[in-house]
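Novice:
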Amino acid sequence: MNKRNFSQGLNFIIIKISVFVVVAFLFFIIFHIFRNGISSISIDFLTKPPTDSMTRGGIFPAIVGTFCLSIGALIVAVPMGIISAIYLSEYTKGGLFLRILRLGIRNLAGIPSIVFGLFGLALFVIKFGFGSSLLSGSLTLGFLILPTIIAATEEALRGIPQDFREASLALGATKVQTIFKVVLPAALSNIVTGILLSVGRVAGETAPIMFTAAAFYKPALPTSVFDEVMALPYHIYTLATEGTHFEQTLPIQYGTCLVLLALVVLMDIAGIWIRLKARKSKKW
Amino acid sequence: MVKIKTTNYNLFYGLKQALFDINMDIYKNKITAIIGPSGCGKSTLLRSFNRMNDLIDGVKAKGDIFIDDKSIYKDWDVVELRRKVGMVFQKPNPFPKSIFDNVIYGPRTSGIKDKRKLNDIMEKSLKQAALWDEVKDILRQSAMSLSGGQQQRLCIARAFAVKPEIILMDEATSSLDPISTAKIEELILELKKDYTIVVVTHSMQQAARMSDYTALLYLGKLIEYDKTEKIFTSPSNEITKNYVTGRFG
Ligand SMILES: Nc1ncnc2c1ncn2[C@@H]1O[C@H](COP(=O)(O)OP(=O)(O)OP(=O)(O)O)[C@@H](O)[C@H]1O
Ligand SMILES: [Mg+2]
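Line by line, the protein sequences give chains V and C.
The working numbering puts the first residue of the first sequence at 64, with every later residue one more than the last.
The working numbering puts the first residue of the second sequence at 1419, with every later residue one more than the last.
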């Protein structure tokens, strides 16, 4: 074996080991949570509020809260994200301004979520006076996923062949008609996939909501956007750190983890499924 | 009668000049073929007629083109121009929508909402494109499920649905089998009584078979433009002679 072949072989082994470690780690986490959490799961656990200083009962308010926060984040981020992506993909022609814009968006995606949390606290909770509420939390989470949604949408739009745009314009459609009647519909499945994947991410975030929306204990379901809500990741966090009955709540913590994980995985699977289904039906 | 008139038309892709001083009168209700070796500017010239080149960054035009004696740059609104000048592309490019939605895309974007009217337009256009019998039972199916030849005829139907007066075809049959090609050629001959048709083609036979007038482009210049018969039997230019007899470099 010569030197080059040897180093190539070595590289290959390193790659294999790395992949194995990653996958093994993932499976270990999932397995561990599943094994410890599955015993807590019951209809009551999923549909009842917590009781006895949160040492018993279910996590229903936290499920609802996470659901509302996710929807709220989408309402904030999806329109803005899609419009921004349309601007970037269909209306800009390169140049310095565009590069700065792109750099900004990419950096936004790299900002730690706790910074978004503090930003939300300063701006929405205090400055705008929304208080710790569904509204503040949704806005904060919305801004957190905005860059991901912009990037996913822009990629989806760029994946649409120029042929479609030309065909539409050649038929006397305006640019706006072309975008909304041809380009966006053709890109829709990929956009939805991108959105689902990013929601999965948001649903599991704690830092952005701990100052802006999450309640430690609030069994009543929210009735307005100015209500505080419980949320799955924050529930886990509080039980694991602040509870005086740490040991006692361990099964609930694992159960909540499992529910959160299942939610995220479900969302990811839905996203991937839509992408696969769409890929089968198009041939361009 | 002259339908399209170009006057000293020059076109630049950035610094690269693709068309040089084109002066050409294209006649109403005739089929005009544009021929020439690859890269000579046929597509560029064709795409000038409905201002599709405007979509490309850095394109600049000098001179003017008149359609119905109105300048396409100064007098025509570009959206209206493109409704009047339909285009069929080399590669079939139906939208990823149903056959029905493809055909009525143009009329719909121009604001027609009446269902019955849209249906009429759809049926008439598909019949014109000799596709009706093949698709009348599957109008709601995706256009992507059609064969290449059917897709191209769908694109022709889609172009007709806008009720254009001029149809531009850029090697519209080059990706099709001989039977589909024959069908489309037949169709074009059928249509010339109502339309002005300009085709770009690489096939000498096709140009000779179908067209009334033929233009030869070479390196962005209009070398010769005359009745098709004249071009193929007694061309006056040496380049034309070599090109149509296939003795080209
Ligand atoms: N988007 C573009 N940007 C820059 N140059 C271009 C562009 N499109 C075409 N050209 C150049 O303009 C010239 C004419 O191109 P055009 O596509 O009109 O040729 P054509 O006669 O249609 O060729 P073909 O028979 O291969 O389709 C070529 O030299 C080509 O390289
Ligand atoms: Mg061409």
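Positions of the beta carbon are idealized from the N, C-alpha and C atoms, including for glycine.
Owing to the predicted nature of the structure, the values given are computational and were not obtained by experimental measurement.
(1) Using CA atoms only, rank isn't needed, just tell me which of V:341, V:320, V:228 and V:294 is closest to residue 134 (chain V).
(2) What do you reckon, is the C-beta of residue 1610 (chain C) under 6 angstroms from a heavy atom of ligand 2?
(3) Taking 7 angstroms as the CB-CB limit, is residue 235 (chain V) close to chain C?
(4) The region 1585 to 1598 of chain C: which residues have C-beta closer than 9 angstroms to a C-beta of chain V, in chain order?
(5) Is the CB of residue 1527 (chain C) under 7 angstroms away from at least one CB in chain V?
(6) Quick check on the DSSP output: the beta strand (DSSP E) that includes residue 1435 (chain C) runs from which residue to which?
(7) At least one CB of chain C closer than 7 angstroms to the CB of residue 249 (chain V): is that the case?
(8) Hey, does residue 115 (chain V) have any beta-carbon neighbour from chain C nearer than 7 angstroms?
(9) Could you give the residue range of the alpha helix (DSSP H) that holds residue 68 (chain V)?
(10) Would residue 310 (chain V) be called buried (16 or more neighbouring beta carbons within 10 Å of its own) or exposed?
(11) When the cut-off is 7 angstroms and only beta carbons count, does residue 1571 (chain C) lie next to chain V?
(12) Between residue 262 (chain V) and residue 210 (chain V), what straight-line distance do the alpha-carbon atoms span, to the nearest angstrom?
(13) Say whether chain V places a C-beta atom closer than 7 angstroms to the C-beta of residue 1567 (chain C).
(14) Mind listing the chain V neighbours of residue 1524 (chain C)? Cutoff is C-beta to C-beta under 8 angstroms, in chain order.
(15) Please tell me whether, using a cut-off of 6 angstroms, the distance from the CB of residue 1474 (chain C) to the nearest non-hydrogen atom of ligand 1 is below it.
(16) Would you call the region 256 to 274 of chain V and the region 202 to 216 of chain V in contact, with 3 or more CB pairs under 8 angstroms?
(17) Of all Cβ atoms in chain C, is any one closer than 7 angstroms to the Cβ of residue 230 (chain V)?
(18) Can you list, in chain order, the residues of its chain whose CB lies under 7 angstroms from that of residue 147 (chain V), leaving out five sequence neighbours each side?
(19) Got a sec: is the Cβ-Cβ distance from residue 1667 (chain C) to anything in chain V below 7 angstroms?
(20) I'd like to know if residue 1511 (chain C) contacts chain V, where contact means its C-beta is closer than 7 angstroms to some C-beta of that chain.
(21) Between which two residues does the beta strand (DSSP E) holding residue 1669 (chain C) run?
(22) Give a yes or no on whether the minimum CB-CB distance between residue 1455 (chain C) and chain V is below 7 angstroms.
(23) Pick out the complete alpha helix (DSSP H) segments inside the region 1592 to 1646 of chain C, 4 residues or longer, and give them in chain order.
(24) Residues of chain C with CB under 7 angstroms from residue 245 (chain V), in chain order?
(25) Alpha carbon to alpha carbon, how far is residue 312 (chain V) from residue 118 (chain V)?
(26) Which residues of chain V have a Cβ atom closer than 8 angstroms to the Cβ of residue 1468 (chain C), listed in chain order?
(27) List the endpoints of the continuous beta strand (DSSP E) containing residue 1481 (chain C).
(28) Kindly identify the DSSP beta-bridge partner or partners of residue 1586 (chain C).
(29) With hydrogens ignored, establish whether the beta-carbon of residue 1466 (chain C) is closer than 6 angstroms to any heavy atom of ligand 2.
(30) Strictly below 7 angstroms CB to CB, what residues from chain C border residue 227 (chain V)?
(31) Straight-line CA distance for residue 1593 (chain C) to residue 1455 (chain C)?
(32) To the nearest angstrom, how far is the alpha carbon of residue 96 (chain V) from that of residue 113 (chain V)?
(33) Is it right to say residue 1493 (chain C) is buried, meaning 16 or more other beta carbons lie within 10 angstroms of its own, or is it exposed?
(34) Under a criterion of Cβ closer than 5 angstroms to any non-hydrogen atom of ligand 1, which residues qualify, in chain order?
(35) Closer than 8 angstroms between beta carbons: that is the criterion. Which residues of the region 1534 to 1564 of chain C meet it against chain D?
(36) Where do the N-terminal and C-terminal ends of the beta strand (DSSP E) with residue 1451 (chain C) fall, by residue?
Specialist: Concretely, from the data shown:
(1) The option with the nearest alpha carbon to residue 134 (chain V) is V:294.
(2) No, the beta carbon of residue 1610 (chain C) sits no closer than 6 angstroms to any heavy atom of ligand 2.
(3) Output row for residue 235 (chain V): interface = yes.
(4) The region 1585 to 1598 of chain C vs chain V, Cβ under 9 angstroms: 1586.
(5) Yes, because at least one Cβ of chain V sits closer than 7 angstroms to the Cβ of residue 1527 (chain C).
(6) Element bounds for residue 1435 (chain C): 1434 to 1445.
(7) Yes, contact with chain C.
(8) With its beta carbon at least 7 angstroms from every one in chain C, residue 115 (chain V) lies outside the interface.
(9) Looking at the DSSP string, the run of the alpha helix (DSSP H) that includes residue 68 (chain V) is 66 to 100.
(10) It is exposed - the Cβ of residue 310 (chain V) has fewer than 16 other Cβ atoms within 10 Å.
(11) Under the Cβ distance rule, residue 1571 (chain C) does not count among the residues neighbouring chain V, no pair being separated by less than 7 angstroms.
(12) The straight-line gap from Cα to Cα measures roughly 12 angstroms.
(13) For residue 1567 (chain C), the answer is no, since every Cβ of chain V falls outside 7 angstroms of its Cβ.
(14) Simply 234, 235 and 236.
(15) Because some heavy atom of ligand 1 lies under 6 angstroms away, the Cβ of residue 1474 (chain C) counts as near it: yes.
(16) As far as the Cβ criterion goes, the region 256 to 274 of chain V touches the region 202 to 216 of chain V, which means the pair count is three or higher.
(17) Interface residue, yes.
(18) Taking residue 147 (chain V) as the centre and dropping the five residues before and after it, the same chain places the C-beta of 213 closer than 7 angstroms to its C-beta, in chain order.
(19) Only weak support exists for where residue 1667 (chain C) lies, its pLDDT of 48 falling under 50; the coordinates are left without a value.
(20) Chain V contact via Cβ: present.
(21) Residue 1669 (chain C) is absent from the structure shown; chain C starts at 1419 and stops at 1667.
(22) It does not: the Cβ of residue 1455 (chain C) has no partner Cβ on chain V nearer than 7 angstroms.
(23) Within the region 1592 to 1646 of chain C, the complete alpha helix (DSSP H) runs of at least 4 residues are 1596 to 1609 and 1622 to 1628.
(24) Counting only Cβ-Cβ distances below 7 angstroms, residue 245 (chain V) has contacts in chain C at 1513, in chain order.
(25) About 5 angstroms.
(26) Residues of chain V passing the Cβ test: 233.
(27) It spans 1477 to 1485 - the beta strand (DSSP E) in which residue 1481 (chain C) sits, taken as one unbroken run.
(28) Answer is C:1505 and C:1616.
(29) It does not: the Cβ of residue 1466 (chain C) is nowhere closer than 6 angstroms to a heavy atom of ligand 2.
(30) Against residue 227 (chain V), the close residues of chain C are 1511 and 1513, in the order they occur along the chain (beta-carbon pairs closer than 7 angstroms).
(31) Annotation: residue 1593 (chain C) to residue 1455 (chain C) spans about 18 angstroms, alpha carbon to alpha carbon.
(32) C-alpha separation (whole angstroms): 20 angstroms.
(33) By the Cβ neighbour-count rule, residue 1493 (chain C) is exposed, with fewer than 16 other Cβ atoms within 10 Å of its own.
(34) Qualifying residues, in the order they occur: C:1431, C:1436, C:1456, C:1457, C:1458, C:1459, C:1460, C:1461, C:1462 and C:1474.
(35) No chain D is present in this structure, whose protein chains are V and C.
(36) Residue 1451 (chain C) -> beta strand (DSSP E) spans 1449 to 1453.
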